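Top to bottom, those sequences are chains S and U.
Per this note's numbering, the very first residue in the first sequence carries number 1; after that it's consecutive.
Per this note's numbering, the very first residue in the second sequence carries number 1; after that it's consecutive.
This report concerns only the one structure given below.
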Amino acid sequence: MPEFPGSPTQSQSLAQTPVQSQSTGQSQSMGQSHSAGAPPHGVLQGYDPAGMFCEMLRPGQPTHPALSLLLSRLAAMPIESLRRRAVDAERDLLERGITFTVYSDATAIDRILPFDLIPRVLTPPEWRQIETGVIQRVRALNMFLHDIYHEQKVLKDGIIPRELVLGNAGYCQQMVGFGVPFGTYVHVCGTDIVRDETGRFMVLEDNARTPSGVAYVVENRHMTLRVLSDLMTGLSVRGVDEYGLRLHHAMAEIAPQSVLDPQVVVLSPGIFNSAYFEHVFLAREMGVPLVEGRDLLVENGKVWMRTTAGLAPVHTIYRRIGDDFLDPDVFNPDSLLGVRGLMDAWRRGSVAIANAVGTGVADDKAVYAYMPRIIRYYLSEEPILPNVDTHICAEPDALAYTLDNLEKLVVKPVAESGGYGLLIGPHATKAQLAEFRERLKHNPTNYISQPTVKLSVSPTLTDEGVQPRHIDLRPFAITGKGTWVLPGGLSRVALRKGTLVVNSSQGGGTKDTWVLA
Amino acid sequence: MSATLTEPRSAHLIARHAEGTLWLARYMERIENQARLLDVTNTFARDADDTRNWLTILRINGDLEAFYAKHTEANLASVGAFYVLDRDNTTSVQVGIQAARENARTLRALISTEMWLQINVFSSRIRALTATDLLPDHFAATCGMLKEGTQAHTGITEGTFYRDQAWHFYMMGRYLERADQTTRLLDTRFHALAPQTSAGDLEIDAGQWNALLRAAAGYHAYRREHPNGYNAVEVAGFLLANGAFPRSVGLNLMQIEWHLNQLRTRYQLRGTRAPLERLDELNATMTHRNVADMMHGALSPFLDYVQQQIAALHGDIIEGFCR
Chain S
1 MPEFPGSPTQ SQSLAQTPVQ SQSTGQSQSM GQSHSAGAPP HGVLQGYDPA GMFCEMLRPG
61 QPTHPALSLL LSRLAAMPIE SLRRRAVDAE RDLLERGITF TVYSDATAID RILPFDLIPR
121 VLTPPEWRQI ETGVIQRVRA LNMFLHDIYH EQKVLKDGII PRELVLGNAG YCQQMVGFGV
181 PFGTYVHVCG TDIVRDETGR FMVLEDNART PSGVAYVVEN RHMTLRVLSD LMTGLSVRGV
241 DEYGLRLHHA MAEIAPQSVL DPQVVVLSPG IFNSAYFEHV FLAREMGVPL VEGRDLLVEN
301 GKVWMRTTAG LAPVHTIYRR IGDDFLDPDV FNPDSLLGVR GLMDAWRRGS VAIANAVGTG
361 VADDKAVYAY MPRIIRYYLS EEPILPNVDT HICAEPDALA YTLDNLEKLV VKPVAESGGY
421 GLLIGPHATK AQLAEFRERL KHNPTNYISQ PTVKLSVSPT LTDEGVQPRH IDLRPFAITG
481 KGTWVLPGGL SRVALRKGTL VVNSSQGGGT KDTWVLA
Chain U
1 MSATLTEPRS AHLIARHAEG TLWLARYMER IENQARLLDV TNTFARDADD TRNWLTILRI
61 NGDLEAFYAK HTEANLASVG AFYVLDRDNT TSVQVGIQAA RENARTLRAL ISTEMWLQIN
121 VFSSRIRALT ATDLLPDHFA ATCGMLKEGT QAHTGITEGT FYRDQAWHFY MMGRYLERAD
181 QTTRLLDTRF HALAPQTSAG DLEIDAGQWN ALLRAAAGYH AYRREHPNGY NAVEVAGFLL
241 ANGAFPRSVG LNLMQIEWHL NQLRTRYQLR GTRAPLERLD ELNATMTHRN VADMMHGALS
301 PFLDYVQQQI AALHGDIIEG FCR
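So, in structure tokens, the structure goes:
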């Protein structure tokens, strides 16, 4: 399974989340007017979102001229033309090697992440909400991380249970008392966002370790420009080409202060990693070397890379390998991917590492439930992007609500060590509900519950023509001194009918994401 | 380079990438040579003893033993399969392109996008080859495809590869491989193991010289230099010591020397001492006169020596810059 999407540790597929569609297979008419323009015709004839929020038709939302134009252009496009372009795009991806490699036995197969050429569009007000919401969230995540590795006020004030944080697998003892520049731990953050049937944005999950997928954001745009530029002509869509510059800027910002022209590198596990294509992309876009652990060494508390001119100093490492593999001296002693002594060099301040070690505790599922409170606690602000409603069963009211509404809810265990099993209320038998009810009463602290959500859909080219398919969104935020969010993000789409799983091993694909200017 | 132009920023080159770049060039160059040799053997070397001609390729690559472990007879189908299709044969085009692609993948952040794209597409095309592509009615076209693919690579590299340190390593790899391949080609006619005509080494018929020169893409250039016909001394001199023929050993060694000097002066790299010293010695032997002196019996040991020195030169470069 590729690291992106579908990293077993990070990229949670929607099917593993409590967000479930209730309208699968149903086909009732929306009974609403299409506010984005004329009723669907052409390839959109018969297109029916069946009560879910459609990102293109946008029932009940203010229309946008660019969206209406896009819709009429799309409708006027013959299906054969769309299919021909899709074939071109697929071949292009293979030829460019925008692939991940699946290894089985002795064979290696290059697979592409399917690209659906019908773009997903975000209007300026929508983007403003996402952008400010992500910035707010990243700020809170960084303040939370600083706090739990220093004063631990958030624990003392009882905002989040102590054992949930300190006993968390992602909590890193080595980070206690260790400060990082600007208090930034999460330099690159991917926030997974979904929309419900009313079009409301909600955060599904934070990815604060090494979120992947940004290369596809940029490559998807290039692909649109190659195979579908006539759809975009004259529309003001915000560019995505700035990512490398912004990332390099942040990486230089966090480098040791004494260095004038810091050497940045991207640290990859190597060509056999499923996200290798993205590592190449990042190195290229920043104009810096793509290194592996064997290219680096630590001597006299400093990090060096082996070059044709001998050893050369390294000042910032954008690492795409997990905490456990980073330094065999401190973490997994068997790791061949990391660099011996790296943690020590980092502690001495001779090198910067992004993302910081120990951020896993912040994007943990259990901690997620507390994010709205964490935002209020540190920033005295309401979350701009809400969580999916989450009931923390450790709390009596929430437990009572959960027990009363079990058949409507999804219940899942919070801590990896704690409860087990996941209950999808609407799909459960009476016996299963009864059994889970007992389990909940017995050990409520191990569970949270959430309502099922009808995910939004987007018109997608399928074998049955243009059909609604569920999508999500992962914007990418870069943080050095301040935070910048790449306009757009990765829109993942579930290509199979009715399925909510958007990750690639389950037939998921991606779409270009247009943020209108 | 003119003093008024801006030099490339002295960005560091990861040692492992330098080595990969050198190998990328070698593998691509090797595929071209392999295709050229197969093509020429199929087209121009047709005489009564078909087996002898196909054995020549096996000798060049030192593959007699490996070949006969799998095949009983050397002919178009068997030698073609051994060099074009066989994924276990380390000297096959299949293995070569996979190695080239893996190096290109490692270097993908360093080489141009067009270079990567072409290698990627070319490698899938090679992977898709089957025995049908080696049938007599299609063999020449297959060799043509292989040659064109490598030449497209060479052209794309010329037109898109940024000429900083990595480019120098790339070019050294290409020239090392060319020099090596040319000595191997010469070996087929002058080596003790080479097929002997009744009149001895020096009187191989025109058809044989023809094939030899065509395999090195030197036929027309040689005709222009020597309109009067073939002469063993002249052919050997042309392939070893000509200063204008792109595949002559001497020219390739001189070009390596130029790139080493660039690395020394422009990038102040220290690893150039050993390879430059070895080149000094080797270049001194690449004279027409020296070649002529060795024609009677001494050329074969000389070619062995040159091959060893080229391998050692590769070793010097890796040792000097990449370790």
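Note that the Cβ used here is the ideal one computed from N, Cα and C, for glycine as well.
Keep in mind the model is a prediction, meaning the values are calculated, not measured.
Fewer than three Cβ pairs drawn from the region 285-302 of chain S and the region 231-238 of chain S lie within less than 8 angstroms of each other, which leaves the two stretches out of contact. Three or more beta-carbon pairs drawn from the region 113-121 of chain U and the region 153-170 of chain U are found closer than 8 angstroms, and the two stretches are therefore classed as touching.
Annotation: Cβ neighbours of T106 of chain U in chain S (cutoff 7 angstroms, chain order): I271. For G97 of chain S, the neighbours in chain U by C-beta distance under 8 angstroms run, in chain order, R105, R108, W116, L117, N120. If you draw a straight line from the Cα of Y149 of chain S to the Cα of N446 of chain S, it comes to about 24 angstroms. The C-alpha of G51 of chain S lies about 57 angstroms from the C-alpha of R348 of chain S. Taking 8 angstroms as the CB threshold, I126 of chain U stays off the interface with chain S. Across the region 333-351 of chain S, no CB contact with chain U closer than 9 angstroms is found for any residue.
Per DSSP, D110 of chain S is one residue of the beta strand (DSSP E) stretching across 107-112. In terms of Cα proximity to L267 of chain S, the closest of S:H279, S:Q257, S:P256 is S:H279.
The shortest CA-to-CA distance from K365 of chain S to any of S:I159, S:E242, S:L204, S:T233 is the one to S:L204.
Fully enclosed beta strand (DSSP E) runs of no fewer than 3 residues occupy 296-299, 302-307, 310-313, 316-319, 352-354 of the region 288-368 of chain S, in order along the chain. When the five nearest sequence neighbours on each side are left out, the beta carbons in the same chain lying within less than 6 angstroms of the beta carbon of D180 of chain U are those of I310, in order along the chain. Here Y222 of chain U carries a helix assignment [DSSP, helix/strand/coil]. Looking at the backbone, the Cα of R323 of chain U and that of A15 of chain U are separated by about 7 angstroms.
Take T210 of chain S, set aside five residues on each side of it, and the residues of its chain with a beta-carbon closer than 6 angstroms to its own are R320, in chain order. According to DSSP, residue pairing for A494 of chain S in a beta bridge involves S:G508.
Under the three-state reduction of DSSP output, F44 of chain U falls in the coil class, being neither helix nor strand. In the DSSP annotation of this structure, the continuous segment of the alpha helix (DSSP H) that includes D397 of chain S starts and ends at 396-404. Within chain U, no residue has its CB atom less than 7 angstroms from the CB of L461 of chain S, the nearest being about 25 angstroms off. A contact is defined here as three or more CB-CB pairs under 8 angstroms, and the region 267-283 of chain U fails this definition with respect to the region 210-218 of chain U. The contact set of D295 of chain S on chain U, defined by CB atoms closer than 9 angstroms, consists of I14, A15, R16, H17 in chain order. For G20 of chain U, no Cβ of chain S is located within less than 8 angstroms of the residue's own Cβ.
The continuous stretches of alpha helix (DSSP H) do not include M202 of chain S, which lies in the beta strand (DSSP E) extending over residues 201-207. Considered as a whole, the region 154-241 of chain S harbours 162-166, 214-227, 229-232 as its complete alpha helix (DSSP H) runs of no fewer than 4 residues, in chain order.
Q432 of chain S: member of the alpha helix (DSSP H) spanning 430-442, first to last residue.
Counting only residues of its own chain and dropping the five nearest sequence neighbours on each side, A244 of chain U has a CB closer than 8 angstroms to the CB of A221, L251. Pairing T308 of chain S with A206 of chain U gives a Cβ-Cβ distance that is not under 8 angstroms.
Assigned with DSSP and collapsed to three states, S92 of chain U falls in coil, not helix or strand.
Nearest to A283 of chain S by alpha-carbon distance, out of S:D48, S:V214, S:H64, is S:V214. Comparing C-alpha distances from G270 of chain S to each of S:R306, S:G338, S:G310, S:A312 shows the shortest one belongs to S:G338. Listed in chain order, the positions of the region 286-310 of chain S with a beta carbon within less than 9 angstroms of a beta carbon of chain U are G287, V288, P289, L290, V291, E292, R294, D295, M305, R306, T307, T308, A309, G310. Below 8 angstroms, too few C-beta pairs join the region 30-38 of chain U and the region 149-168 of chain S to call them touching: fewer than three.
Distance check between L141 of chain S and each of S:G97, S:M305, S:V361 places S:V361 closest, using alpha-carbon atoms only. At least one CB of chain U lies nearer than 8 angstroms to the CB of R284 of chain S. When DSSP states are grouped into helix, strand and coil, H17 of chain U belongs to the helix group.
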